[in-house]
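See structure below.
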Amino acid sequence: MIHRALLTGLTSIFMLTSAAAIADPASDEKAKKMASNAGCFTCHSLKHQEAKDGSKPIGPAWEDVSVQYKNKPGAADFLTRVVLEGSNPYSSHWNKKVSGIAMPPNAVAITEGDARQVVFWILSLK
Ligand code: HEC
16 MIHRALLTGL TSIFMLTSAA AIADPASDEK AKKMASNAGC FTCHSLKHQE AKDGSKPIGP
76 AWEDVSVQYK NKPGAADFLT RVVLEGSNPY SSHWNKKVSG IAMPPNAVAI TEGDARQVVF
136 WILSLK
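Using the numbering used here, the first residue of the sequence shown is number 16, and each one after it goes up by one.
See the structure below:
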């Protein structure tokens, strides 16, 4: 019984992973919409931007996130947790590169499944 549940869980993870691995404009648009509805773009841009006045963005550009985490094992799981639970204000992963505020937990704004899809999309950006 436990094995069956585990297998079902693993299968859906694989399905999600392979779905994200195929560049699919429709699912990219869907992920973008989910992010937009959840308010992610209040603090994130897609592309890296240098402000003329030298000020730092609130959160890292998602293309930069993609570059930073792309081929790291477990990155999708890890980032999904950070998105849902928020980042640790005392150990920023973007020290000195962004505003320095912590990302608040987003579990109120987005479901775990949707967060995972947005993260897969972010990781596919660069
Ligand atoms: C109130 C501003 C704010 C909102 C809203 C916000 N973020 Fe963030 N996000 C941040 C900040 C600030 C960081 C950098 C955290 C750090 O320094 O470790 C960050 C980091 C991240 C990272 C990288 C995490 C890491 O540990 O490197 C991802 C991925 C991310 N956000 C995705 C999202 C998604 C998806 C949403 C919407 C559901 C979202 N963010 C909404 C501010 C925000």
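C-beta: ideal position from N, C-alpha, C; glycine also.
If you draw a straight line from the C-alpha of SER107 to the C-alpha of THR95, how long is it? 16 Å
Nonlocal neighbours in the same chain, by C-beta distance under 6 Å from SER102, ignoring five residues either side: ALA117, MET118
Look at the Cβ atom of PRO120, then the Cβ atom of LEU99, and state whether they are nearer than 8 Å. yes
Would you mind sorting PRO75 into buried or exposed? The rule is 16 or more other CB atoms within 10 Å of its CB. It counts as buried.
Tell me the DSSP secondary structure of THR225 in three-state form. In this structure the chain extends from 16 to 141, so residue 225 is not present and cannot be described.
Return the Cβ separation of LYS112 and LYS71 in integer angstroms, given the expectation that the two are a contact with Cβ distance under 8 Å. 7 Å
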